[in-house]
Structures are given as C-alpha cells and as structure tokens.
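Everything on this sheet refers to the single structure shown next.
2 protein chains.
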Amino acid sequence: MPTARILKMPLGTVERAAATTAPQDVLSEGAATFDILRQMREDILCCVLKPDQRLRFGDLRQRYKTSVGTLREALSHLVSEGLARTEAGRGFAVAPISLADFLDLSELRVYLETRTLADAIRHGTDAWEAEIVSSYFLLSKLAPPKTDDPVSVKREWGKRHKRFHDALVATCTSPWSLHFRSELFDQARRYHWLTMIHARSRRRNEHLDLRDAVLARDIDASCALIERHIRTTVEQAASEVPGLTMESGRRARRTRSR
Amino acid sequence: MPTARILKMPLGTVERAAATTAPQDVLSEGAATFDILRQMREDILCCVLKPDQRLRFGDLRQRYKTSVGTLREALSHLVSEGLARTEAGRGFAVAPISLADFLDLSELRVYLETRTLADAIRHGTDAWEAEIVSSYFLLSKLAPPKTDDPVSVKREWGKRHKRFHDALVATCTSPWSLHFRSELFDQARRYHWLTMIHARSRRRNEHLDLRDAVLARDIDASCALIERHIRTTVEQAASEVPGLTMESGRRARRTRSR
DNA sequence: AGTCGCGAAATTTTCGAAAAAAAGCGTTTT
DNA sequence: AAAACGCTTTTTTTCGAAAATTTCGCGACT
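Okay, here's the thing in structure tokens:
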C-alpha cells in the first residue's frame with residue numbers, strides 16, 4: 025500500500041509533506057531542472073508571472089540563471105500541468121485565467137476534495153491526525169496575506185495553506201484522485217490571490233472548523249465544510265472581482281491577433 | 025451506488041465560454057517535439073514499450089532519430105501524463121502497471137465518463153451526432169484486435185476506439201473534466217491490451233448500444249452502459265489476468281535491485 | 001564469505017551555439 | 001490608404017558535445 029510510506033514520513037519536513045505517492049507527481053527531486061520547475065511554478069501560482077504573460081527565453085534565462093534546454097524542460101512540465109501554454113514556433117506563455125475556467129475547475133474540485141477527504145477520514149491514523157494538528161498550527165500563526173504584503177509572505181502562507189490541505193487528505197487511498205485534486209488545488213491558488221485583494225473581512229475560522237470536523241471523523245460535516253469553503257471563494261470571485269477576471273480574456277485575444 | 029446521484033447533478037451554471045478552450049491538451053502541433061511525443065505515447069499505450077522498461081537515451085535516440093534534448097522534453101511530458109517515471113540521475117522508465125492502479129483509475133473513470141457524457145448529451149448538436157455516427161462506423165469496420173495481430177492493426181483500432189469515445193463526450197462543456205477524462209482513458213488503454221489477450225469471446229455490441237443510447241439522448245441509459253463498459257473490463261482483468269497484472273510489481277523491484 | 005573501496009565504463013544531465021522560424025520595419029505597389 | 005514584398009532583427013527550436021553522476025567490475029581487507 026502506498027499509504028504506508030506516507031505514514032513513515034517524518035512530520036517535520038515542511039517541503040513535500042503529502043501527495044508524494046501519487047502516480048506521477050514526483051519528477052526527480054534532486055535535479056536542477058526540478059528546482060527551476062518548482063521556482064517557476066511558485067512564480068506563476070503567486071502571480072509574479074502574470075496570466076498571459078509571454079515567457080521569452082532571453083528573460084527567463086537571466087531570471088533563473090540556467091540554460092535554454094533546462095528551461096524548456098521545466099516549461100514543458102508547466103504546460104502539462106496547465107500553468108502555461110505553448111504554440112508551435114511562438115514560444116511559451118503563462119496560462120490565462122477566466123471566470124469560466126475558475127467556475128469549471130471549482131466544480132470538479134468540490135467532487136475531488138470531498139471524495140478524497142471522505143476516504144482519508146475513513147483511513148485516518150494517528151500520524152495523519154498529528155500532521156493535521158501540526159500543519160494547522162503553522163498555518164494559524166500566519167495571518168492571511170493582504171494585497172500589499174511582500175511576495176515572500178504570500179509565498180510562505182501559500183505553502184502552509186497547501187500543506188494543511190494536503191495533510192487533510194493524506195491518507196486517502198486513491199492515488200489518482202489525490203493527483204488530480206492536487207493539480208486543481210494549485211490551479212485554484214492562482215485565483216485566490218486575486219480574490220484576496222478584494223476580500224474585505226476575511227471569513228475567520230473556516231480552517232479551524234474544518235480541522236475539528238476532520239479530527240472528529242465526521243465525514244458529512246467535513247465534506248460540507250470543504251464544499252462551502254470552495255463555493256464561497258468562487259462566488260466571492262464572481263461577484264467581487266469581475267473586472268480582473270474578465271480582463272485576461274481580452275488580453276489573450278490581443279496576444280493571438282497580433 | 026453513488027453514481028445514480030451523480031448523474032442527476034447538473035454541472036456548473038456558467039460554462040458556455042469555457043467550452044471552446046481546453047486547458048492544456050494541445051501542446052504545439054507543428055513542432056518536431058510533438059511528433060516524438062506522440063510516437064512515444066503510442067508506443068507506450070500499445071505496450072511496444074513495456075511497463076517498467078527502462079528508457080535509455082542511447083536506444084531512444086536511435087529509435088526515434090532525434091537528439092537528447094528533444095527526447096528529454098517529450099519524456100518530460102510523458103512523466104506528467106503518468107506514462108513514464110523518472111528518478112534524479114537514473115533516467116526514465118515506462119510507468120509500471122498494477123491491478124491496484126487499474127482499479128483505482130477505473131473508479132475515477134466511471135465518474136468522469138458519466139459526468140462528461142451526461143453533459144455532452146445535454147449540449148449535443150447535429151455535428152456532434154454526425155461525428156458519433158461517423159466514428160462508430162469507422163470503428164465497426166475493424167474487428168477488435170487479437171493477440172497475434174500486428175502492432176499496426178492494434179494501433180489503428182486503438183485510434184478509432186479513442187476517436188469514438190472522444191466523439192461521445194465532445195460537446196461536454198467542462199474542459200477540466202474532459203482533460204482528466206482523456207488522461208484516464210489513455211491510461212486505461214494500456215490495460216486493455218493485456219485483457220484482450222485473454223478475452224475469449226469478445227462481448228459484442230457494447231459500442232453499438234452505447235451509440236444508440238447516446239443518439240437517443242437517453243442520459244441514464246447511456247451512463248449505465250458506459251459504467252458497465254468500464255466495470256466489466258476491470259472485473260475481467262482482475263479475474264483473468266492475475267499473473268500479468270501482478271508481475272509488474274516484481275519486475276519493478278528487480279529493476280531497482282539490479 | 002561478505003563488504004568495502006577505487007578506477008573504468010556507461011548513462012544521464014546540463015549547456016550554449018548553430019539552424020530555423022517568426023516578428024518587425026521600411027519601401028514599393030495597387 | 002491598404003496590401004505586398006523583401007530585408008533585418010529578434011526569438012524559438014534543435015542539436016550534439018562537455019560535465020556530472022551513477023553503475024559496474026575487480027581486488028583487497030575484515
């Protein structure tokens with residue numbers, strides 16, 4: 025069973041806490057390419073590289089201090105993950121965002137998050153609970169970042185946020201579900217930064233409620249909470265950030281027409 | 025079964041716009057890298073490159089007549105698709121197969137196939153029906169390949185089989201669902217060749233039944249058919265091909281110890 | 001016997017330059 | 001004025017060799 029490995033994993037490691045046993049998440053941890061890939065992924069997720077932004081090799085080479093080949097391989101991965109696009113002969117660009125896309129992926133997310141969470145609760149262990157407690161604690165020590173917070177703060181919060189959510193579903197027995205869940209979670213992260221900019225009073229204790237429901241092994245309550253967690257964010261985005269989310273569609277068309 | 029509830033669940037409300045742009049299926053059709061990628065994918069899907077087989081650059085370079093960089097990029101993609109694995113410094117290998125994996129991915133497939141099919145039927149058009157008729161016709165002209173059929177025959181049948189199934193869900197309005205469905209469909213293809221080897225009398229008209237149910241716009245019947253289509257194959261594999269499906273686990277270990 | 005170490009061979013990873021393709025631009029043509 | 005052409009510049013794509021790493025084989029040591 026793949027879960028066995030998760031359980032043995034030391035809980036202190038901040039980096040790759042969970043989801044490592046999924047079918048193909050692991051590229052090759054030690055390689056330099058992997059570092060570049062991770063950096064670029066973070067930059068896209070945190071919107072340092074903005075949607076629809078063109079990714080020229082000249083710039084990238086300078087930014088990441090590496091060769092074209094390595095970059096190309098990393099970009100290739102990002103395309104597969106849906107974080108970048110490429111057209112023959114026209115290089116790469118950050119994947120666009122749109123309200124339609126956010127709605128679509130959130131809909132699937134609800135299914136995958138509830139499915140994996142329910143299964144994880146059924147197969148929960150002590151180590152699983154411990155990692156949930158631990159990762160929640162780390163998350164709670166950081167306030168959700170505001171618009172003008174430096175990127176490093178956003179990055180760190182994003183990391184802890186992901187770690188917490190990964191911890192919740194870590195004991196799910198379906199590697200494929202976990203894999204797709206993780207991919208969609210990352211996709212959603214891009215939209216989160218946009219909604220946060222406009223979010224006035226942050227709804228407070230959703231993560232705490234979630235943690236407690238999960239630790240109480242209450243499947244129905246947990247799934248209901250995570251479903252609302254996702255749906256609330258979508259609705260917020262749909263109503264509060266219409267300008268930004270629609271903007272990318274225009275920009276995408278402009279790029280193509282030129 | 026939870027699937028009954030799933031069938032009635034309508035998809036998100038506002039996905040019309042998203043229907044046109046798939047998330048990331050298209051790499052870059054014109055490029056040479058894309059050709060190599062497609063060739064390698066086919067070779068893995070048809071088990072010309074066998075599960076757990078190591079993919080050395082020397083051999084690959086000769087086989088596909090291309091450079092290391094290009095190969096690396098293609099392999100990189102295959103890893104993302106879950107058709108290959110890689111470990112830092114140890115190169116690439118074809119992804120292993122196992123009964124557990126087949127069971128897991130089939131379970132998710134049932135959900136994604138029924139979800140996309142139901143939505144596609146709701147949004148069906150004349151062109152959609154025409155392509156279903158056409159692709160079914162092409163599929164029906166070829167008998168399902170036997171064990172000793174040449175690879176080219178298997179390849180062609182596989183191509184038509186995929187085209188038919190793609191046609192069924194073509195008008196689904198959820199790009200993400202379509203994307204994941206397609207990925208899992210390809211994964212399942214690898215297992216199909218193994219089960220076919222042992223399948224005695226091929227159950228005949230499943231595709232025809234499916235076609236007619238879909239054209240009649242009967243969502244419940246269509247979904248029930250495709251669900252059984254998937255489940256039957258899994259059960260067949262589980263009971264009839266225990267030796268083969270279990271073998272890969274051993275082989276994987278052997279490769280590593282070597 | 002087992003294993004530890006060390007050099008040789010095989011293999012992977014990284015790199016930047018050459019080739020190919022696209023974009024930009026000014027001039028000419030309709 | 002808009003389209004068409006040919007030129008230069010920019011950017012992408014492809015390639016194979018150099019560097020780094022792992023694997024293998026063999027002899028010495030515990």
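Quick mapping for you: the protein sequence lines, in order, are chains A and B.
In case it helps, my numbering puts the first sequence at residues 25 to 282.
In case it helps, my numbering puts the second sequence at residues 25 to 282.
Note that beta-carbon positions come from the ideal geometry of N, C-alpha and C, so glycine has one too.
Here the structure is a predicted model, which is why all the values come from computation and not from measurement.
Worksheet item: Which one or two residues does DSSP pair with F116/B in a beta bridge?
Response: As a first step, residue 116/B is located in the second sequence; it is residue number 92 there, counting from the start. Answer by DSSP bridge pairing, in chain order: L79/B and T110/B.
Practice prompt. Consider the Cβ of H216/B: report whether some Cβ of chain A lies at a distance smaller than 9 angstroms.
Written response: One-based indexing of the second sequence puts residue 216/B at position 192. Cβ-Cβ to chain A under 9 angstroms: no for H216/B.
Practice prompt. Quick one: which residues of the segment 138-168 of chain B get their C-beta closer than 9 angstroms to a C-beta of chain A? List them in chain order.
Written response: Cβ contacts with chain A: R139.
Worksheet item: Near R179/B, what residues of its chain come up, given a Cβ to Cβ distance below 7 angstroms and the 5 sequence neighbours on each side ignored?
Response: Against the second sequence, residue 179/B aligns to sequence position 155. Counting only residues of its own chain and dropping the five nearest sequence neighbours on each side, R179/B has a CB closer than 7 angstroms to the CB of E66 and C70.
Worksheet item: Counting contacts by CB-CB distance shorter than 9 angstroms, is V238/A in contact with chain B?
Response: Residue numbering aside, residue 238/A sits at position 214 when the first sequence is read from its first letter. For V238/A, the answer is no, since every Cβ of chain B falls outside 9 angstroms of its Cβ.
Discussion item. If I measure Cβ to Cβ from V92/A and keep anything under 6 angstroms in the same chain, skipping five residues before and after, which residues do I get?
Written reply: Position 68 of the first sequence, counted from the first residue, corresponds to residue 92/A. So the list reads F81, once near-sequence residues are dropped.
Practice prompt. Report the three-state DSSP secondary structure of V193/A (helix, strand or coil).
Written response: Residue 193/A sits at position 169 when you count from the first residue of the first sequence. Look at V193/A here: in three-state DSSP terms it is coil, with no helix or strand label.
Fill in: Neighbourhood of S130/B by C-beta distance below 8 angstroms, restricted to the same chain and skipping five residues each side
As a working mapping, residue 130/B is identified with position 106 in the second sequence. Close CB contacts of S130/B within its chain, under the 8 angstroms cut and outside five residues either way in sequence, are with A212, I254, R255, T257 and V258 (chain order).
Worksheet item: Is it buried or exposed for E147/A, if we count other Cβ within 10 angstroms and need 16 for buried?
Response: Taking the first residue of the first sequence as 1, we reach residue 147/A at position 123. Just to set this straight, residue 147/A is His in the shown sequence, not Glu. With fewer than 16 other Cβ atoms within 10 Å, it is exposed.
Worksheet item: For V72/B, does the three-state DSSP call read helix, strand or coil?
Response: Locating residue 72/B in the second sequence gives position 48, where the first residue counts as 1. For V72/B, the secondary structure class from DSSP, reduced to helix, strand or coil, is coil.
Worksheet item: Excluding sequence positions up to five away, which residues of its chain have a Cβ less than 6 angstroms from the Cβ of W217/A?
Response: Here residue 217/A is taken as the residue at index 193 of the first sequence, counted from 1. Hits under 6 angstroms: C71.
Discussion item. Quick check: L239/B and S164/B, are their CB atoms within less than 9 angstroms of each other?
Written reply: Residue numbering aside, residue 239/B sits at position 215 when the second sequence is read from its first letter. Residue numbering aside, residue 164/B sits at position 140 when the second sequence is read from its first letter. No, these two residues do not count as a Cβ contact at 9 angstroms.
Worksheet item: In three-state terms, what does DSSP make of T138/B?
Response: For the purposes of this step, residue 138/B is taken as residue 114 along the second sequence, with counting starting at 1. In this structure, T138/B counts as helix in the three-state DSSP scheme.
Practice prompt. Note down the Cα distance separating P199/B from G113/A, rounded to an integer number of angstroms.
Written response: Taking the first residue of the second sequence as 1, we reach residue 199/B at position 175. Taking the first residue of the first sequence as 1, we reach residue 113/A at position 89. Going by the C-alpha atoms only, they are around 25 angstroms apart.
Worksheet entry | Top-ranked residue by Cα proximity to E97/A, from P120/A, L127/A and R62/A | One-based indexing of the first sequence puts residue 97/A at position 73. For the residues P120/A, L127/A and R62/A, the minimum Cα distance to E97/A belongs to R62/A.
Worksheet item: Which of the three DSSP states, helix, strand or coil, is assigned to A144/A?
Response: Here residue 144/A is taken as the residue at index 120 of the first sequence, counted from 1. Helix at A144/A.
Discussion item. Taking 8 angstroms as the cut-off, is the C-beta of R213/A nearer than that to any heavy atom in the ligand ATP?
Written reply: Because no ligand of any kind appears in the structure shown, any question about the ligand ATP cannot be addressed here.
Worksheet entry | Beta-carbon neighbours of W181/A, restricted to chain B and to distances below 9 angstroms | Against the first sequence, residue 181/A aligns to sequence position 157. Going along chain B, no residue has its Cβ under 9 angstroms from W181/A, so there is no contact; the nearest lies around 25 angstroms.
Worksheet item: Can you check whether the CB of C247/A is closer than 9 angstroms to the CB of T138/A?
Response: Here residue 138/A refers to the residue found at position 114 of the first sequence. Here residue 247/A refers to the residue found at position 223 of the first sequence. Inclusion of T138/A and C247/A in the CB contact set at 9 angstroms is warranted, their separation being smaller than that value.
Worksheet item: Which value, in whole angstroms, describes the spacing of the CA atoms of V103/A and A56/B?
Response: By 1-based counting over the first sequence, the position of residue 103/A is 79. By 1-based counting over the second sequence, the position of residue 56/B is 32. A direct Cα-Cα distance of roughly 17 angstroms separates V103/A from A56/B.
Worksheet item: Can you give the Cα-Cα distance for A46/A and E105/B, rounded to whole angstroms?
Response: As a working note, residue 46/A is residue 22 in the first sequence. As a working note, residue 105/B is residue 81 in the second sequence. No answer about A46/A holds up, because its pLDDT of 48 lies below 50 and its placement is not dependable.
Discussion item. What does the Cβ neighbour count give for K170/B, buried or exposed, with the cut at 16 atoms within 10 Å?
Written reply: Working through the second sequence from its first residue, we reach residue 170/B at position 146. K170/B counts as exposed, since fewer than 16 other C-beta atoms from the protein chains shown sit within 10 angstroms of its C-beta.
Discussion item. Could you check whether the Cβ of P75/A sits closer than 9 angstroms to any Cβ belonging to chain B?
Written reply: The residue given as residue 75/A occupies position 51 in the first sequence. Not a single CB atom of chain B sits nearer than 9 angstroms to the CB of P75/A.
Discussion item. Along the chain, where does the alpha helix (DSSP H) containing I156/B start, and where does it finish?
Written reply: As a working mapping, residue 156/B is identified with position 132 in the second sequence. For I156/B, the enclosing alpha helix (DSSP H) starts and ends at D150 to S164.
Practice prompt. Below 7 angstroms CB to CB, which residues in the same chain sit around L166/B once its five sequence neighbours on both sides are set aside?
Written response: Reading the second sequence from its first residue, position 142 is the one you call residue 166/B. Once the five neighbours on either side are set aside, the close Cβ partners of L166/B are E180, W181 and R184.
Practice prompt. Compute the distance between the beta-carbons of R109/B and R205/B, then report whether it is under 9 angstroms.
Written response: As a working mapping, residue 109/B is identified with position 85 in the second sequence. As a working mapping, residue 205/B is identified with position 181 in the second sequence. Contact flag unset, no.
Item to complete: Closer than 6 angstroms by C-beta to F116/A: which residues in its own chain qualify, once you throw out the five before and the five after it? Chain order, please.
Response: Taking the first residue of the first sequence as position 1, residue 116/A is located at position 92. Sequence-distant Cβ neighbours of F116/A in its own chain, meaning closer than 6 angstroms and more than five residues away, are L79, L99, A108 and T110.
Worksheet item: Would you call S159/B buried or exposed, if buried means 16 or more other Cβ atoms sit within 10 Å of its Cβ?
Response: Taking the first residue of the second sequence as position 1, residue 159/B is located at position 135. Under this definition S159/B is a buried residue.
Worksheet entry | Under 7 angstroms by beta carbon: chain A residues contacting S104/B | Locating residue 104/B in the second sequence gives position 80, where the first residue counts as 1. Near S104/B (Cβ distances below 7 angstroms), the residues of chain A are Q48, H101, S104 and E105.
Practice prompt. Please classify K186/A: is it buried, with 16 or more other beta-carbons within 10 angstroms of its beta-carbon, or exposed?
Written response: What you label residue 186/A is simply residue 162 of the first sequence in a count that begins at 1. Buried, by the Cβ-count rule.
Worksheet item: Can a CB atom of chain B be found closer than 9 angstroms to the CB of A55/A?
Response: Counting from 1 along the first sequence, the entry for residue 55/A is found at position 31. At least one CB of chain B lies nearer than 9 angstroms to the CB of A55/A.
Worksheet item: Taking a cut of 9 angstroms between CB atoms, which residues from the segment 180-211 of chain A lie near chain B?
Response: Residues passing the 9 angstroms Cβ filter: T197, S198, P199, W200, S201, H203, F204, E207, L208 and Q211.
Item to complete: Indicate whether T219/B and A261/B have their beta-carbon atoms separated by less than 9 angstroms.
Response: By 1-based counting over the second sequence, the position of residue 219/B is 195. By 1-based counting over the second sequence, the position of residue 261/B is 237. In this structure, A261/B lies closer than 9 angstroms to T219/B by Cβ.
Item to complete: Report yes if the CB atom of T195/B is closer than 9 angstroms to the CB atom of A144/B, and no otherwise.
Response: Working through the second sequence from its first residue, we reach residue 195/B at position 171. Working through the second sequence from its first residue, we reach residue 144/B at position 120. Yes. Within cutoff.
Item to complete: Put I250/A into one of helix, strand or coil per three-state DSSP.
Response: For this step, residue 250/A is matched to residue 226 along the first sequence. Helix.
Discussion item. When you compare the CB of T45/A with every CB in chain B, is at least one pair closer than 9 angstroms?
Written reply: What you label residue 45/A is simply residue 21 of the first sequence in a count that begins at 1. Residue placement at T45/A cannot be trusted, given a pLDDT of 40 that sits under 50; the coordinates are not used to answer.
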